[in-house]
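Each number in this note's numbering comes from the position in the sequence shown (counting from 1) with 1369 added on. Have a look at the structure below before the remarks.
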Amino acid sequence: MAHLEEGSREWDRFVARSEEGTFCHLAGWREIMADVLSHQTRYLVAKDGEGEWQGVLPLVRVRSRIFGHYLLSMPFMSYGGPLGTSAAQARLTEDAVEQARQWGVDLLELRARHPVPADLPTSHRKITVLLPLPETTEQLWKGTFKAKLRSQIRRPMKEGMEARFGADQVGPFYEVFSRHMRDLGTPVLPRRFFEQIARTFADQVIFGAVYLGEQPTAAGCGFLWGDEFELTWASALREHSRSAPNMLFYASCMEEVIRRGGRVFNFGRCTPGAGTHRFKLQWGGVETPLSWAQWSPREIDATPSPESPLFRIATTGWQRLPLAVANRLGPLLARQLP
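Laid out in structure tokens, this is it:
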């Protein structure tokens, strides 16, 4: 078993060839996790006797005195896990378990979209919703969007709101995202995290925002990988909720994805039965369970969650923080919440 110490071209070529490969597997995340969030990484490569690559597995170690000690593939995202032949995936998973045991982690979690070929418990606590996209934006409005959806989307349009997409939307995205996270009572990831994403994944990432005049009211960030786009982070400002700018953002994002050649809109992960789950289903998509393989010496079956009692106690206090204070303290905590 080899560790990828430097370089990324061969790794990314392998990911691109793998049927189950995702943007979350790309080597560029290693630098972001290490340099921006200060996490230790292990990018494992399985080779055959002739030195040919047979499998890969990205791993990130997240340690916190408050929240616990985890080895994840991949933190802060929906996907990860081993790629390659079944034998290589099994071998990589065995090595990940051994690494987790050596480091004394509370939980190893391989966030795969499909079952991992290994004898490990699997969590289905998260799902995603997938919506097939038509070839044109006209077909999107005429066929995909039902009458009720069209009415909800047009409401912010009638109030003068419009969507913009591009690399220049990183700042507006973070302006909305950071306020939204404070209002939820959840620490926010650092702005530099998203700025580095924009630089590292310029060919895959899409940033966008919906504006009322020059004020961003809803925003999101996601990745186009092959013909599938995942909206990984999305948010809207509460004071504009009556106008539903988030509806315009999602619709405009689908239009942007179609223009870029995408054919599947992935709404990102959510908890079954939660409000975000119901919101995503209203667009007509199909829910798909995620298969997160786990190993734990302490029978822990989940990373820290905002739905836990510990978080509920802290949420109310965090919501009362001034935005500047929340944005300064948030990144110190958010990096520990994978």
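All C-beta atoms in this analysis are idealised placements derived from N, C-alpha and C, irrespective of residue type, glycine included.
Hey, out of the options, whose CA is closest to residue i's CA?
i	options	result
THR1454	THR1513, PHE1383 and ALA1396	PHE1383
GLY1699	SER1377, PRO1559 and ARG1681	PRO1559
GLY1642	PHE1636, LEU1650 and ASN1635	LEU1650
THR1710	ARG1551, LEU1395, LEU1479 and GLN1468	In the structure as shown, the chain begins at 1370 and stops at 1707. Residue 1710 is therefore absent and cannot be evaluated.
SER1605	PRO1614, GLU1599 and GLU1597	Rather than Ser, the amino acid found at residue 1605 in this sequence is Ala. Closest by alpha carbon: PRO1614.
LEU1617	ASP1417, ALA1571 and LYS1527	LYS1527
SER1660	SER1612, TYR1448 and ARG1399	TYR1448
ARG1551	HIS1394, LEU1690 and LEU1395	LEU1690
THR1391	GLU1419, GLY1595 and GLY1420	GLY1595
PHE1636	ALA1567, PHE1570 and PHE1598	PHE1598
GLN1663	ALA1396, ILE1435 and ALA1469	ALA1469
GLY1589	ARG1524, GLY1540 and ARG1611	GLY1540
PRO1427	ARG1399, THR1506 and LYS1515	ARG1399
VAL1414	ALA1396, HIS1408 and LEU1406	ALA1396
LEU1477	PHE1570, TRP1652, GLY1437 and PRO1501	GLY1437
PHE1648	LEU1452, PRO1451 and THR1497	THR1497
THR1586	ARG1607, ALA1567, ASP1572 and GLN1573	ARG1607
PRO1473	PRO1556, TYR1439 and SER1610	The question names Pro, but residue 1473 is Gly in the sequence shown. With distances taken between Cα atoms, GLY1473 lies closest to TYR1439.
VAL1489	VAL1574, GLU1388, SER1665 and GLU1624	Going by the sequence as given, residue 1489 is Leu instead of Val. Measuring from the Cα of LEU1489, the nearest candidate turns out to be SER1665.
ASP1572	TYR1543, VAL1557, ALA1536 and PRO1556	ALA1536
PRO1501	GLU1624, ARG1533, GLN1705 and TYR1543	GLU1624
VAL1466	VAL1557, ARG1482 and SER1442	SER1442
LEU1701	ARG1561, VAL1425 and PRO1556	PRO1556
SER1492	LEU1692, TRP1652, THR1645 and THR1640	THR1640
TRP1578	ARG1482, GLY1591 and PHE1570	For the record, residue 1578 in the displayed sequence is Ala; it is not Trp. Nearest option by C-alpha distance: GLY1591.
Tell me the rounded alpha-carbon separation between residue i and residue j.
i	j	result
ARG1684	GLY1631	Note that residue 1684 is Thr in the sequence shown here, rather than Arg. So the alpha carbons of these two residues sit roughly 37 Å apart.
LYS1511	ALA1603	25 Å
VAL1694	GLN1508	45 Å
GLY1582	GLY1529	8 Å
SER1621	PHE1576	12 Å
ARG1681	ASP1464	36 Å
LYS1495	THR1410	24 Å
TYR1580	HIS1549	15 Å
LEU1600	ILE1669	29 Å
LEU1315	ASP1404	Examination of residue 1315 is not possible in this model, given that the chain is present from 1370 through 1707 alone.
MET1402	GLU1379	20 Å
ILE1435	LEU1499	35 Å
ARG1697	ILE1522	34 Å
VAL1655	ALA1459	30 Å
ALA1457	ALA1487	11 Å
TRP1422	ARG1386	12 Å
VAL1431	TYR1619	32 Å
LEU1553	ILE1627	31 Å
PHE1546	GLU1531	18 Å
ASP1381	SER1520	42 Å
ARG1667	HIS1394	27 Å
HIS1408	GLU1389	25 Å
GLN1538	TYR1412	31 Å
GLY1686	THR1513	42 Å
GLN1705	MET1446	14 Å
ARG1629	PHE1542	20 Å
VAL1485	GLN1688	39 Å
GLU1504	SER1433	46 Å
Start and end of the alpha helix (DSSP H) containing residue i?
i	result
LEU1650	1644-1650
ALA1385	1378-1386
GLY1699	1692-1703
Could you name the residues that DSSP lists as bridge partners for residue i?
i	result
GLN1409	ARG1430
ARG1638	THR1497
TRP1398	In DSSP, TRP1398 forms no bridge with anything.
PRO1658	ILE1496
GLU1599	PHE1592 and ASN1635
LEU1452	VAL1425
ALA1605	ALA1587
ALA1415	GLY1424
TRP1687	DSSP, once it has assigned bridges, lists no residue as partnering TRP1687.
GLN1663	GLU1478
How far does the beta strand (DSSP E) with residue i in it reach, from first residue to last?
i	result
GLY1631	Premise fails: GLY1631 is in no beta strand (DSSP E) and is neither H nor E.
GLY1589	1584-1594
LEU1441	1437-1442
Would you say residue i lies against chain D (beta-carbon separation less than 7 Å)?
i	result
THR1555	No chain D is present in this structure, which holds just one protein chain.
Which residue spans inside the stretch 1464-1518 form an unbroken beta strand (DSSP E) run of at least 3?
-> 1476-1481 and 1496-1501, all fully within the stretch 1464-1518.
Run through the stretch 1520-1597 for me and flag every whole beta strand (DSSP E) of 3 or more residues, listed as ranges in chain order.
-> 1530-1534, 1574-1581 and 1584-1594
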